[in-house]
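Peer 1: Mind looking over this structure? Questions follow.
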Amino acid sequence: MGTDATSLSSYGAAVRRRWEVIVLAGVLAAVIGAGIALLSPSQYQGTAKVLIGSTVGLSTTTTIDTSEIGTQSQVVTSLPVAQQVVTRLGLKTDPTSLLDDVAVSVDDTRVLTISAASEDKAESIDLANAFADEYLAYVQAKLRQQQAQSRAAFADEVTRLRSRVAALNAKMAKAQGNHKQLLTAQRQALLGQLTQLSAQRSTSAATAPSTAGEVLIRASTAEPNSATPFLRTTLLAGILGLVVGFGLALLWDRLDDPAPVHTRQS
3 MGTDATSLSS
13 YGAAVRRRWE
23 VIVLAGVLAA
33 VIGAGIALLS
43 PSQYQGTAKV
53 LIGSTVGLST
63 TTTIDTSEIG
73 TQSQVVTSLP
83 VAQQVVTRLG
93 LKTDPTSLLD
103 DVAVSVDDTR
113 VLTISAASED
123 KAESIDLANA
133 FADEYLAYVQ
143 AKLRQQQAQS
153 RAAFADEVTR
163 LRSRVAALNA
173 KMAKAQGNHK
183 QLLTAQRQAL
193 LGQLTQLSAQ
203 RSTSAATAPS
213 TAGEVLIRAS
223 TAEPNSATPF
233 LRTTLLAGIL
243 GLVVGFGLAL
253 LWDRLDDPAP
263 VHTRQS
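In the numbering used here, the protein residues as written are 3 to 268.
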């Protein structure tokens, strides 16, 4: 315990003798850190807001399903959307690399906030708007594809049922007695299926999403990124400089007097 106290006292004495070294190292490191932060390319951030269509992959209840909203936010930053943005803006950037500069945030609403960063102010605005537009175009295309598939499946099923009804009609024309009654019952069952299928189709068409959503707010200006990185870089560099300066002070004191620091007594 006494040895530890002596060591701390001796280190303190060394710091008092070489405090200029510590301060100089801290200040110099902070200046270097500030210079690096200032010389780093400026980043601008453009922001657009998109309202998701109320039936785009979402339940029709009033409760917001955060997992479904989260799915839509991932669609915004998907490779197909990024590829469409690259093509639209004529960029030479790889779509995967482009996604590093785009972020999507959500809250408890159907609004997606799309932010795009770039060293070029105009490009950050164009990127935010392009991702908003191409996301909606991508989802709209998927909706049309799903609706087309649904119509095709409905048409195929109707054709199949009508073919069976026609076949039963042909058999009924030649059937007699109980056999004809059995065929009649089968025909009525098929006609019931056709009626039910038509009703389901009408309901599906009435509730089918007609739009993927809309752009609520287009990016029209871009804000420079927060100054926090500059302050953080300067502060961390200064702290590192103080640590290095402390080590240099002890080393210098040791070289001036080869005896271990903790054994020196004033």
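We treat Cβ as the ideally placed atom computed from N, Cα and C, and that holds for glycine.
1) Just to check my reading of the structure: Val-23 and Leu-250 have Cβ atoms closer than 8 angstroms, yes? What is that Cβ distance to the nearest angstrom?
2) Tell me whether Leu-218 sits in a helix, a strand or coil according to DSSP, three-state version.
3) Consult DSSP for Ser-80 and reduce its assignment to one of helix, strand or coil.
4) I need the DSSP call for Leu-93, collapsed to helix, strand or coil.
5) If you check the beta carbons only, do Asp-103 and Ala-124 fall under 9 angstroms apart?
6) Apart from the five residues just before and just after Arg-220, which ones in its own chain have a Cβ nearer than 6 angstroms to its Cβ?
7) Hey, could you find the ends of the beta strand (DSSP E) Ser-117 is sitting in?
8) By alpha-carbon positions, which one of Phe-133, Ala-224 and Phe-156 ends up nearest to Val-78?
9) Skipping 5 residues on each side, what residues in its chain have a beta carbon closer than 6 angstroms to that of Thr-63?
10) Beta strand (DSSP E) containing Thr-49: first to last residue?
11) Would Leu-252 pass as a contact of Ala-16 if the rule is Cβ separation under 9 angstroms?
12) Our contact map puts Gly-215 next to Ala-27 with C-beta atoms below 8 angstroms; I'd like the distance itself, whole angstroms only.
13) Between Val-263 and the rest of its own chain, which residues show a CB-CB distance below 7 angstroms, the 5 nearest in sequence each way excluded?
14) In terms of alpha-carbon separation, which member of Ser-44, Leu-40, Ala-172 and Ala-139 lies closest to Val-52?
15) Locate the alpha helix (DSSP H) running through Ala-177, then write down its first and last residues.
16) Can you find at least 3 beta carbon pairs, one from the segment 110-117 and one from the segment 28-38, that sit closer than 8 angstroms?
17) For Arg-166, which residues in the same chain have their Cβ closer than 7 angstroms to its Cβ, ignoring the five residues on either side in sequence?
18) DSSP beta-bridge partners for Ser-107?
19) Would you call Ala-175 buried or exposed, if buried means 16 or more other Cβ atoms sit within 10 Å of its Cβ?
20) If distances are taken between C-alpha atoms only, which option among Leu-81, Leu-91, Thr-115 and Ser-107 comes closest to Ser-275?
Peer 2: The structure says:
1) 5 angstroms
2) strand
3) coil
4) coil
5) no
6) Ala-50 and Asn-131
7) 113-120
8) Phe-133
9) Because Thr-63 carries a pLDDT of 44, less than 50, the predicted location of this residue cannot be relied on, and no value is offered for it.
10) 46-54
11) yes
12) In fact, because the Cβ distance is near 56 angstroms, the residues do not count as touching under 8 angstroms.
13) Because the pLDDT at Val-263 is just 47, under 50, the model does not fix this residue reliably, and the value given afterwards should be weighed accordingly. The residues are Ser-12, Tyr-13, Ala-16, Leu-252, Asp-255 and Arg-256.
14) Ala-139
15) Note, Ala-177: premise wrong, no alpha helix (DSSP H); not H, not E.
16) no
17) Leu-192
18) Thr-115
19) exposed
20) Nothing in the structure corresponds to residue 275, since the chain is present only between 3 and 268.
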